[in-house]
Structures are given as structure tokens and as C-alpha cells.
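Peer 1: Residue numbers (this note's numbering): 554 to 841. C-beta atoms are modelled at their ideal positions from N, C-alpha and C, and glycine is treated no differently.
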């Protein structure tokens with residue numbers, strides 16, 4: 554049995570220990586429909602006190618359209634210094650297929666910015682050399698609905714580039730499947746899957762560099778705090794990169810942890826323990 558995690562009232566309880574925050578976005582700063590005002594205010598207050606904030610997201614699009622989305626959702630630009638996305642990392646993976654046919658899985662037009670300037674041809678799976686998954690085609694889809702399509706990919710030995718390693722995400726009051734769930738299915742079937750974004754080190758290295766750039770000096774990892782709501786991506790990513798974690802329980806793990814009722818600190822500790830993350834504290838929603 555692991556030791557219970559420290560309970561905190563808000564980011565203010567920890568802010569003096571950290572010079573920079575690497576914060577998850579979806580599930581921490583907004584829910585896909587609107588921003589969480591208390592989370593926004595927490596990040597703004599941290600910055601006003603001299604801290605630096607880099608948003609780190611598994612959204613499968615380049616940073617520019619994500620910033621525009623945050624504007625629409627009511628996340629002001631003074632709440633963060635910079636943003637890095639799995640879309641940025643994915644573009645580097647797609648680069649090797651320049652001029653070649655690729656098969657896209659995900660919303661048909663929403664992710665067009667991912668391919669801008671890369672000179673790839675989007676085709677059917679019968680012609681493609683790689684499958685690029687941003688998300689499932691619709692929010693109502695489940696990974697199992699793609700098993701027959703995945704058999705075709707597997708028969709052609711197509712590698713998969715998964716632009717969004719998240720399995721699920723909070724959207725309003727619903728939990729929907731993401732690209733990572735389809736990546737898991739294909740991997741279990743024997744397919745080769747290349748994941749971009751969290752929890753893999755490259756996106757954290759880029760976020761850390763942006764934090765140092767914003768600070769204007771080098772940073773010590775012991776004074777950098779990751780904030781996230783997913784054990785699989787945020788907790789594991791923080792552990793692998795070697796920074797502390799503030800765990801937000803009231804998003805994708807809300808039901809199993811009774812985050813807004815009577816959460817059991819021991820149950821939260823046991824859930825996070827396999828990631829080996831150093832948890833500085835937990836709370837249902839990010840607040841100051």
C-alpha cells in the first residue's frame with residue numbers, strides 16, 4: 554500500500570516551491586466547451602507572482618490553431634507564456650512521408666492544419682504508406698468500431714502515427730474516446746504505433762525549453778511542477794521527465810475517485826502509484 558497523498562487547497566499552497574508550471578490543457582484549463590475560471594485565475598496569479606507557465610497538450614494540431622481555440626473558450630493569453638502540442642511533434646514524424654500517400658483517421662477537416670506545407674497526399678488505406686490518427690472520426694465512436702479497418706491496415710503492414718496519445722478526454726459532461734484508444738487497439742492487434750505527445754520525453758523537453766526562454770534563465774527541474782488529470786499521460790510523463798506533479802482528480806478519473814464527493818486519499822495514491830510520479834498534492838479542479 555502506498556502512502557496517502559498530501560491534500561492541498563490550491564496552487565497557492567505550492568507556488569513558493571516552483572518557478573515554472575507545465576500544465577495540461579484539456580481537463581485542467583477547460584473541458585472542451587468552456588474554460589474553468591478558477592484554473593485560469595490560478596495560472597494568471599502564478600504568472601503575476603513571477604512564475605512561468607507553459608501549456609502542454611496532446612491536442613493533435615499545431616500550436617497556432619490551439620491558441621485560437623483557447624481564445625474562443627475564454628482562456629486569456631496572459632494565463633500562459635507559451636504552448637506546445639503533440640501536433641507539433643506529429644508534424645516532425647509526418648515529414649518523412651513528404652510527397653507520399655497517407656491515410657488520415659479523425660475529423661475530416663478539423664485537423665487540416667496538421668498537414669499544411671508537408672506535401673502529403675491523403676488517400677484511402679489501400680494506397681497509403683502510413684496511417685495518421687488524430688482522433689476517432691466522431692465523438693460518438695468507440696475503438697472497437699475500427700477493428701475491421703485496422704485489419705486492413707495490419708494486412709498491409711502500415712505503421713500508425715498517433716497524434717493524440719490520450720485514451721479519453723472530458724468534453725462538457727461526457728467522456729469521449731481519443732486517438733490513443735485507437736492506437737492501443739492497433740498495437741494489441743500487432744500493429745506498429747508511433748506516439749507523439751505526452752507521456753513521451755520530447756514534448757516535455759520542448760516545454761521545458763520554452764519555460765526557460767520565458768524565464769530568461771536556466772531552470773532547475775526540482776522547481777518545475779507538472780499539472781495534469783491523466784495517470785497514463787500526465788503522471789507518467791512527469792515521472793519520466795523528472796518533475797513533480799499536481800494531480801487534478803475531477804476530470805477523467807472523477808467518477809472512480811469520487812472527486813467531488815468524499816475522495817479517499819489512499820485510493821488516489823494507489824491509482825497514481827504505478828506511474829511513479831512524485832505527487833506534490835491533489836485537488837478536484839485547479840484553483841489558486
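Just to confirm, are residue 635 and residue 607 a CB contact at a threshold of 7 Å?
Peer 2: Numbered from 1 along the chain shown, position 82 holds the residue referred to as residue 635. Numbered from 1 along the chain shown, position 54 holds the residue referred to as residue 607. Yes; because the gap between Cβ atoms is below 7 Å, this pair is in contact.
Peer 1: Measuring only the C-alpha atoms, how far is residue 666 from residue 755?
Peer 2: One-based indexing of the chain shown puts residue 666 at position 113. One-based indexing of the chain shown puts residue 755 at position 202. If you take the alpha carbons of residue 666 and residue 755, they lie about 21 Å apart.
Peer 1: Going by C-alpha to C-alpha distance, which of 758, 772, 703 and 767 sits closest to residue 741?
Peer 2: Along the chain shown, one-based indexing puts residue 741 at 188. If we check each option's Cα against that of residue 741, 703 comes out closest.
Peer 1: Taking residue 647 as the reference, give the member of 623, 675, 661 and 630 with the closest Cα.
Peer 2: Counting from one through the chain shown, the residue named residue 647 turns up at place 94. It is 675 whose Cα lies nearest to the Cα of residue 647.
Peer 1: Return the CA-CA distance between residue 700 and residue 716, expressed in angstroms with no decimal places.
Peer 2: Counting from 1 along the chain shown, the entry for residue 700 is found at position 147. Counting from 1 along the chain shown, the entry for residue 716 is found at position 163. Looking at the two C-alpha atoms, the distance is approximately 19 Å.
Peer 1: What is the rounded straight-line gap between the Cα of residue 808 and the Cα of residue 566?
Peer 2: Numbered from 1 along the chain shown, position 255 holds the residue referred to as residue 808. Numbered from 1 along the chain shown, position 13 holds the residue referred to as residue 566. Going by the C-alpha atoms only, they are around 25 Å apart.
Peer 1: Using a threshold of 7 Å, state whether the C-beta atoms of residue 564 and residue 779 are closer than that.
Peer 2: Translated into positions along the chain shown, residue 564 becomes position 11. Translated into positions along the chain shown, residue 779 becomes position 226. Going by C-beta atoms, residue 564 is not nearer than 7 Å to residue 779.
Peer 1: To the nearest angstrom, report how far apart residue 733 and residue 579 are at their CA atoms.
Peer 2: Against the chain shown, residue 733 aligns to sequence position 180. Against the chain shown, residue 579 aligns to sequence position 26. So the alpha carbons of these two residues sit roughly 15 Å apart.
Peer 1: State the start and end residues of the unbroken alpha helix (DSSP H) segment that holds residue 643.
Peer 2: By 1-based counting over the chain shown, the position of residue 643 is 90. Start and end: 639-647.
Peer 1: Which residue's Cα is closest to the Cα of residue 600: 792, 720, 631 and 586?
Peer 2: The count along the chain shown starts at 1 and reaches residue 600 at position 47. The shortest Cα separation from residue 600 among 792, 720, 631 and 586 belongs to 631.
Peer 1: Quick one: residues in its chain with C-beta nearer than 7 Å to the C-beta of residue 765, no 5 flanking neighbours on either side, listed in chain order?
Peer 2: Numbered from 1 along the chain shown, position 212 holds the residue referred to as residue 765. Excluding positions up to five away in sequence, the list reads 771 and 772.
Peer 1: Classify residue 571 as helix, strand or coil using the three-state DSSP reduction.
Peer 2: The residue labelled residue 571 in the question sits at position 18 within the chain shown. Here residue 571 sits in coil by DSSP.
Peer 1: Got a sec? Which residues, its chain only, sit under 7 Å from residue 768 by beta carbon, not counting five neighbours each side?
Peer 2: Taking the chain shown and counting its residues from 1, one reaches residue 768 at position 215. So the list reads 572, 573 and 605, once near-sequence residues are dropped.
Peer 1: Nearest by alpha-carbon distance to residue 695: which of 725, 712, 788 and 729 is it?
Peer 2: Translated into positions along the chain shown, residue 695 becomes position 142. Cα-wise, what sits closest to residue 695 is 729.
Peer 1: Which of the three DSSP states is assigned to residue 744 in this structure?
Peer 2: For the purposes of this step, residue 744 is taken as residue 191 along the chain shown, with counting starting at 1. If DSSP states are grouped into helix, strand and coil, residue 744 belongs with coil.
Peer 1: Which residue marks the beginning of the alpha helix (DSSP H) containing residue 598, and which one marks its end?
Peer 2: What you label residue 598 is simply residue 45 of the chain shown in a count that begins at 1. Start and end: 590-601.
Peer 1: Three-state secondary structure (DSSP) at residue 841?
Peer 2: Counting from one through the chain shown, the residue named residue 841 turns up at place 288. In this structure, residue 841 counts as coil in the three-state DSSP scheme.
Peer 1: If you draw a straight line from the alpha carbon of residue 763 to that of residue 613, how long is it in whole angstroms?
Peer 2: For the purposes of this step, residue 763 is taken as residue 210 along the chain shown, with counting starting at 1. For the purposes of this step, residue 613 is taken as residue 60 along the chain shown, with counting starting at 1. Looking at the two C-alpha atoms, the distance is approximately 19 Å.
Peer 1: State the Cα-Cα distance for the pair residue 558 and residue 649, rounded to the nearest angstrom.
Peer 2: Here residue 558 corresponds to residue number 5 of the chain shown, with the count starting at 1. Here residue 649 corresponds to residue number 96 of the chain shown, with the count starting at 1. When rounded, the distance between both Cα atoms is 44 Å.
Peer 1: Start and end of the alpha helix (DSSP H) containing residue 756?
Peer 2: Your numbering for residue 756 matches position 203 in the chain shown. Start and end: 754-768.
Peer 1: Can you give the Cα-Cα distance for residue 616 and residue 719, rounded to whole angstroms?
Peer 2: Here residue 616 corresponds to residue number 63 of the chain shown, with the count starting at 1. Here residue 719 corresponds to residue number 166 of the chain shown, with the count starting at 1. The straight-line gap from Cα to Cα measures roughly 17 Å.
Peer 1: Identify every residue that forms a DSSP beta bridge with residue 728.
Peer 2: Start at 1 with the first residue of the chain shown, and residue 728 comes out as number 175. Its beta-bridge partners are 723.
Peer 1: Using 10 angstroms around the beta-carbon of residue 775, count the other beta-carbons present and answer buried if the total reaches 16, otherwise exposed.
Peer 2: On the chain shown, position 222 is the one that residue 775 refers to. Residue 775 is exposed by the Cβ-count criterion.
Peer 1: Here's a check: name, in chain order, each residue in its chain whose Cβ is nearer than 6 Å to the Cβ of residue 801, leaving out the five neighbours to either side.
Peer 2: Here the question's residue 801 lines up with position 248 in the chain shown. The answer, listed in chain order, is 581, 782 and 839.
Peer 1: Starting from residue 711, trace the alpha helix (DSSP H) in both directions and tell me its first and last residue.
Peer 2: Numbered from 1 along the chain shown, position 158 holds the residue referred to as residue 711. No alpha helix (DSSP H) contains residue 711, which DSSP labels as neither H nor E.
Peer 1: Find out if the Cβ-Cβ distance for the pair residue 656, residue 681 is shorter than 7 Å.
Peer 2: Against the chain shown, residue 656 aligns to sequence position 103. Against the chain shown, residue 681 aligns to sequence position 128. Going by C-beta atoms, residue 656 is nearer than 7 Å to residue 681.
Peer 1: Do residue 790 and residue 757 have their C-beta atoms within less than 7 Å of each other?
Peer 2: For the purposes of this step, residue 790 is taken as the residue at position 237 of the chain shown. For the purposes of this step, residue 757 is taken as the residue at position 204 of the chain shown. Yes, they are a contact pair.
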